[in-house]
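**Q** Residue numbers (our numbering): 21 to 111. All C-beta atoms in this analysis are idealised placements derived from N, C-alpha and C, irrespective of residue type, glycine included.
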Amino acid sequence: LLISLFVFFAKFWTHNGQTLGMQVWGIRVQNADGSAIDLWQALLRFVIGIISWLPLGLGYWWCIFSKNRSCWHDSYSETVTVQLPKNVHKK
Numbered sequence: 021l022l023i024s025l026f027v028f029f030a031k032f033w034t035h036n037g038q039t040l041g042m043q044v045w046g047i048r049v050q051n052a053d054g055s056a057i058d059l060w061q062a063l064l065r066f067v068i069g070i071i072s073w074l075p076l077g078l079g080y081w082w083c084i085f086s087k088n089r090s091c092w093h094d095s096y097s098e099t100v101t102v103q104l105p106k107n108v109h110k111k
């Protein structure tokens, strides 16, 4: 099950930086320079993301106190999660 989950996330994160849910929310995972993350970063992000839940989600709450607003999985994988601009061409 974990391998299947990793393959799913790694495919989306390394190709366009977004899972289907991230597309809906308008966020993307990328390197600081805007390039796509590589497979090693995806693996680190996945594993640390799971570990972040173990101490009552502290790895996710960390972004509230971090000066660069990053969770543990972003810090350890050297990735950033960015909010994409809203589509201005609404009909």
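1. Roughly how many angstroms lie between the CA atoms of residue 43 and residue 31, to the nearest whole one?
2. How many angstroms separate the CA atom of residue 53 from the CA atom of residue 41?
3. Quick check on this structure: which residue in 97, 96, 90, 95 has the alpha carbon closest to the alpha carbon of residue 103?
4. Evaluate residue 8 with the Cβ neighbour count: other Cβ atoms within 10 Å of its Cβ, from every protein chain shown; 16 or more gives buried, anything less gives exposed.
5. Run through DSSP, which three-state label would residue 47 get?
6. For residue 34, which three-state DSSP category applies?
7. Using the Cα positions of residue 101 and residue 21, report the straight-line distance between them to the nearest angstrom.
8. Short of 6 angstroms in beta carbon distance, which residues of its chain neighbour residue 110, apart from the five on each side in sequence? Order them along the chain.
**A** Taking the structure as given:
1. Approximately 14 angstroms between the Cα atoms of the pair.
2. Taken atom to atom, the span from the alpha-carbon of residue 53 to that of residue 41 is near 23 angstroms.
3. Comparing Cα-Cα distances from residue 103 to each of 97, 96, 90, 95, the minimum goes to 90.
4. There is no way to answer for residue 8, as the model of the chain reaches only from 21 to 111.
5. The answer is strand: DSSP assigns residue 47 an E or B state.
6. Residue 34 sits in a helix when the DSSP states are folded into three classes.
7. In this structure, the straight-line span from the alpha carbon of residue 101 to that of residue 21 is close to 25 angstroms.
8. Below a pLDDT of 50, predicted positions are generally treated as unreliable, and residue 110, at 49, falls in that range; the measurement from the model is reported next regardless. Annotation for residue 110: no residue places its beta carbon closer than 6 angstroms to its own, counting only its chain and skipping 5 residues before and after.
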